[in-house]
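Colleague: Got a structure for you, questions after.
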Amino acid sequence: MAVTLDAQLLEILACPAPDHAPLRPGAPGDPEADALTCTSCGRVFPVRDGIPVLLLDEATPPDDGERETDDQTSSDGA
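Residue 12 in full-length UniProt numbering is what sits at position 12 of the sequence shown, and the numbering runs on without skipping anything.
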């Protein structure tokens, strides 16, 4: 399901990391994901029940998502 946030809200939301970059809907591998991705650092923030969870502790670093996919691929082939 795609993130459906008000356009004005999406304009003012920013990554809570020190650089405060804008966020875009979706995740790198899934543009329809219930998530927001930082345009600078690539962290992926979940959206739960229509509410963005903009906590650095809750974010998924971009490398973790890629490693998880690689691990699943290699375990499927073994």
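All residues carry an ideal CB built from backbone N, CA and C; glycine is no exception.
With 16 as the cutoff for other CB atoms within 10 Å, does Pro61 come out buried or exposed?
Modeller: The residue in question, Pro61, is exposed, as its Cβ has fewer than 16 Cβ neighbours within 10 Å.
Colleague: Please report the straight-line C-alpha distance between Pro18 and Thr4, rounded to a whole angstrom.
Modeller: The alpha-carbon atoms of Pro18 and Thr4 are separated by roughly 26 Å.
Colleague: Enumerate in chain order the residues of its own chain whose CB-to-CB distance from Ala14 is below 8 Å, with the five nearest sequence positions on each side excluded.
Modeller: The residues are His20, Ala21, Pro22 and Leu23.
Colleague: Can you list, in chain order, the residues of its chain with a C-beta nearer than 8 Å to that of Val53? Leave out the 5 residues immediately preceding and following it.
Modeller: Excluding residues within five positions, the ones whose Cβ falls inside 8 Å are Phe45, Pro46 and Val47.
Colleague: Going by C-alpha to C-alpha distance, which of Asp49, Gly50 and Ala35 sits closest to Arg43?
Modeller: Cα-wise, what sits closest to Arg43 is Ala35.
Colleague: Can you give me the Cβ contacts of Leu56 inside the same chain, cut-off strictly under 7 Å, excluding the 5 residues immediately before and after it?
Modeller: Once the five neighbours on either side are set aside, the close Cβ partners of Leu56 are Pro16 and Ala17.
Colleague: For the putative contact between Thr37 and Pro28, defined by C-beta atoms under 8 Å, what is the C-beta separation to the nearest angstrom?
Modeller: That pair is a contact at about 6 Å.
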